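Colleague: One structure, as structure tokens, below. Some questions next.
Numbering (my numbering), first residue to last: 15 to 601.
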């Protein structure tokens, strides 16, 4: 018996129906929602609480906000205190906890990097002048279409224009290097993304068939021999992560595809999921079989409605075909996949914050150790991989480590997806061998559209480099040696007409808004960094020595003491802009 301290607010029929549609009857507590005392059902609290995020999505879609009555019903059903439920709902960009009072949709307009220089503010003002409700927010993963807009209304979620989203799919530029064919993008723009048959006709599930044939230990050995590192930004060796989970026994295991790409400038995962969704399902299944995990999850951005629909369709077709379920491809192993939608929180791209979000808590990072390989989702062994990493694993298992290493360099083998946007001729994603120079990738994208003043590598969490760095090889080791990063594969060009003071101020504002606030160095540091840049902007762009020192001191404190990577990287773009003389020049 638990005292949930429910308020007297009651839910509507529509809200109850919406919640019941995502929470199976067996997952409900036995509840009278106006009573303070709730008698629990037989399911474990963990098993119910992880449905909190889907329930909040159902309420938001139905009522246009998270009402107190709707929250009461949801929390009573899941045996979650409403105060905690409200804390989770208020954590996310896409949930509203105040009544909008009308049927009007909300137009989310991206204010970050590529959209910033493409006139996002003027675009937002034009929408407001037309009577639309506008929310100025962070990156929407539509950087190649800047300025980007995302409409959120009751029972409606889509990118704009709102006519036929399926007809507005972005296809990558199908450019190949003379020495290597497309690997990760080989089916994008070729297969029917809604058809398992089409996927299999173009080589789908050959990798998984070989994995079943050679066995799980051999799969991990092949991944190790190939030297595959993570493509989400951290570049952690994939084989070590998988082996750590495979070595755990006696507890349920999980593999998660982290498709919550929220780094400004990043949109590669969206394009793959929209156009080749079955490849992600196959890659995740391969990871599940290799590690002995029966539970697969895809955590996808809430701002990706088309990708979500494509993946839901792919999962259902794979279940019907016996590619998911109790006996995957005749392997004798059980594996299934469940989709979880995020709700607009950059921090949830960090793997432990992502798992907290999936479990029904605020998406706040955990201290490590313990590491996810032993204490991940629900405290159980978990491997988290970026979709691009899983696509690389498919190629390795199907073709072998030696073939994989024919592209790239000794220390950075394989190919890589790069997202180019900003002042470049043909924005899009490009697959090239690791070691291709920065200048060559920019040339593939049509070259700069003006005189390049700076290039942002790795997104807001990365750093600016000058146009004198075009000879830089795009590998982990070469970018590190040059004092920058590959990050998640972001390359954003800025010409000499850009107001860099305004741009860098927006980057600082992004981190101020996206810090979860859990640890003091980050919570205070990102605010003070933003304040210094606001002061700089107000004084005509000059930055005194003491203010420059303050930024460096705050950056050091955040890098040394923050729990997660957000604090570690929040000052990278700012400091590099100062170093290059893009901002802070003395008057």
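Ideal placement from N, C-alpha and C gives every residue a C-beta, glycine not left out. On a predicted model such as this, the values are computed, not experimentally measured, just so you know.
1. Pick helix, strand or coil for residue 612, following the three-state DSSP scheme.
2. Report the residue ranges of all alpha helix (DSSP H) runs contained in full by the segment 438 to 505; include only those spanning at least 4 residues, in chain order.
3. Flag this pair as touching only if the segment 483 to 501 and the segment 417 to 437 have three or more C-beta atom pairs under 8 Å; answer yes or no.
4. By alpha-carbon positions, which one of 361, 62 and 30 ends up nearest to residue 74?
5. Name the two residues that bound the continuous alpha helix (DSSP H) containing residue 562.
6. Consult DSSP for residue 381 and reduce its assignment to one of helix, strand or coil.
7. Here's a check: name, in chain order, each residue in its chain whose Cβ is nearer than 7 Å to the Cβ of residue 537, leaving out the five neighbours to either side.
8. Between the C-alpha atoms of residue 280 and residue 22, what's the straight-line distance to the nearest angstrom?
9. Count Cβ pairs between the segment 451 to 465 and the segment 497 to 510 that sit closer than 8 Å; are there 3 or more?
10. From residue 423 to residue 476, what distance separates their C-alpha atoms?
11. Enumerate, from N- to C-terminal direction, the unbroken beta strand (DSSP E) stretches of 3 or more residues contained entirely within the segment 224 to 289.
12. Please work out which residues of its chain come closer than 7 Å, Cβ to Cβ, to residue 426, disregarding the five sequence neighbours upstream and downstream, and give them in chain order.
13. What is the DSSP secondary structure of residue 389, counted as helix, strand or coil?
14. For residue 256 versus residue 304, is the C-beta distance shorter than 8 Å?
15. Spatial neighbours of residue 167 within its chain, please: CB distance less than 8 Å, with the 5 preceding and 5 following residues excluded, ordered by chain position.
16. My output table needs one value for residue 406: the three-state DSSP class, helix, strand or coil.
17. Relative to the alpha-carbon of residue 286, which residue among 521, 205, 253 and 514 has its alpha-carbon at the smallest distance?
18. Kindly indicate which three-state DSSP category residue 116 falls into: helix, strand or coil?
19. Ends of the alpha helix (DSSP H) at residue 86?
20. What is the DSSP secondary structure of residue 200, counted as helix, strand or coil?
21. Closest to residue 314 by CA distance: which of 358, 133 and 212 is it?
22. So residue 408 and residue 547 are in contact, right, with Cβ under 8 Å, and what is the actual spacing, rounded?
23. Which residue from 329, 364 and 342 puts its Cα closest to that of residue 352?
24. Is the beta carbon of residue 472 less than 8 Å from the beta carbon of residue 502?
25. For residue 445, which residues in the same chain have their Cβ closer than 6 Å to its Cβ, ignoring the five residues on either side in sequence?
26. Since I believe residue 366 is in contact with residue 386 (beta carbons under 8 Å), could you give me their beta-carbon distance rounded to a whole number of angstroms?
27. Are residue 354 and residue 67 close, meaning C-beta to C-beta below 8 Å?
28. Suppose the cutoff is 6 Å on Cβ atoms and the five residues either side in sequence are ignored; what does the same chain contact list for residue 24 look like?
29. Could you work out which residue in 110, 419, 587 and 211 is closest to residue 335 when comparing CA atoms only?
30. Run through DSSP, which three-state label would residue 121 get?
31. Pick from 65, 93, 160 and 85: whose alpha carbon is nearest that of residue 112?
32. Please work out which residues of its chain come closer than 8 Å, Cβ to Cβ, to residue 333, disregarding the five sequence neighbours upstream and downstream, and give them in chain order.
33. Who does residue 314 pair with in a DSSP beta bridge?
34. What does DSSP give as the partner residue(s) for residue 149 in the beta ladder?
35. With residue 405 and residue 297 assumed to form a contact (beta carbons below 8 Å), what rounded beta-carbon distance in angstroms separates them?
36. Under 8 Å between the Cβ atoms of residue 262 and residue 441?
Modeller: With the given structure in hand:
1. Coverage of the chain is limited to positions 15 through 601, which leaves residue 612 absent and any answer about it impossible.
2. 452 to 458 and 490 to 495
3. yes
4. In the chain shown, counting from the first residue as 1, residue 74 sits at position 60. It is 30.
5. By 1-based counting over the chain shown, the position of residue 562 is 548. It spans 559 to 575 - the alpha helix (DSSP H) in which residue 562 sits, taken as one unbroken run.
6. Mapped onto the chain shown, residue 381 falls at position 367. Reduced to three states, the DSSP call for residue 381 is coil.
7. Locating residue 537 in the chain shown gives position 523, counting from the first residue. The answer, listed in chain order, is 529 and 531.
8. Position 266 of the chain shown holds residue 280. Position 8 of the chain shown holds residue 22. Distance between the alpha carbons of residue 280 and residue 22 is about 44 Å.
9. yes
10. Position 409 of the chain shown, counting from 1, holds the residue named residue 423. Position 462 of the chain shown, counting from 1, holds the residue named residue 476. The straight-line gap from Cα to Cα measures roughly 22 Å.
11. 268 to 273
12. Taking the chain shown and counting its residues from 1, the one referred to as residue 426 is at position 412. Around residue 426: 448, 449, 489, 490 and 491.
13. As a working mapping, residue 389 is identified with position 375 in the chain shown. Coil, per DSSP.
14. On the chain shown, position 242 is the one that residue 256 refers to. On the chain shown, position 290 is the one that residue 304 refers to. Cβ distance < 8 Å, so residue 256 and residue 304 count as in contact.
15. Looking up residue 167 in the chain shown gives position 153. For residue 167, where only same-chain residues beyond five positions count, the Cβ hits under 8 Å are 78, 117, 118, 119 and 120.
16. The residue you call residue 406 lines up with position 392 of the chain shown. Residue state, collapsed to three classes: helix.
17. The residue labelled residue 286 in the question sits at position 272 within the chain shown. It is 205 whose Cα lies nearest to the Cα of residue 286.
18. Within the chain shown, the letter at position 102 stands for residue 116. In this structure, residue 116 counts as coil in the three-state DSSP scheme.
19. One-based indexing of the chain shown puts residue 86 at position 72. 82 to 92 is the span of the alpha helix (DSSP H), which, as asked, contains residue 86.
20. Counting from 1 along the chain shown, the entry for residue 200 is found at position 186. Coil at residue 200, not helix or strand.
21. Along the chain shown, read from residue 1 onward, the residue named residue 314 stands at position 300. Of the candidates 358, 133 and 212, the one whose C-alpha sits nearest the C-alpha of residue 314 is 358.
22. On the chain shown, residue 408 is found 394 positions in, with the first residue counted as 1. On the chain shown, residue 547 is found 533 positions in, with the first residue counted as 1. Not really, about 43 Å apart at Cβ, beyond 8 Å.
23. Here residue 352 refers to the residue found at position 338 when the chain shown is read from its first residue. The option with the nearest alpha carbon to residue 352 is 329.
24. Along the chain shown, read from residue 1 onward, the residue named residue 472 stands at position 458. Along the chain shown, read from residue 1 onward, the residue named residue 502 stands at position 488. Cβ distance < 8 Å, so residue 472 and residue 502 count as in contact.
25. Here residue 445 refers to the residue found at position 431 of the chain shown. Once the five neighbours on either side are set aside, the close Cβ partners of residue 445 are 196, 198, 199, 429 and 431.
26. Here residue 386 is taken as the residue at index 372 of the chain shown, counted from 1. Here residue 366 is taken as the residue at index 352 of the chain shown, counted from 1. That pair is a contact at about 7 Å.
27. Counting from one through the chain shown, the residue named residue 354 turns up at place 340. Counting from one through the chain shown, the residue named residue 67 turns up at place 53. Yes, they are a contact pair.
28. Position 10 of the chain shown, counted from the first residue, corresponds to residue 24. Taken in chain order, the residues that qualify are 83.
29. In the chain shown, counting from the first residue as 1, residue 335 sits at position 321. With distances taken between Cα atoms, residue 335 lies closest to 211.
30. Here residue 121 is taken as the residue at index 107 of the chain shown, counted from 1. If DSSP states are grouped into helix, strand and coil, residue 121 belongs with the strands.
31. Here residue 112 corresponds to residue number 98 of the chain shown, with the count starting at 1. It is 85.
32. The residue you call residue 333 lines up with position 319 of the chain shown. Contacts found: 339 and 350.
33. Within the chain shown, numbered from 1, the residue matching residue 314 stands at position 300. Paired residue(s): 273 and 355.
34. As a first step, residue 149 is located in the chain shown; it is residue number 135 there, counting from the start. Paired residue(s): 122.
35. By one-based count along the chain shown, residue 405 stands at place 391. By one-based count along the chain shown, residue 297 stands at place 283. Confirmed, about 6 Å.
36. Along the chain shown, read from residue 1 onward, the residue named residue 262 stands at position 248. Along the chain shown, read from residue 1 onward, the residue named residue 441 stands at position 427. No, the pair does not count as a contact, with Cβ atoms beyond the cut-off.
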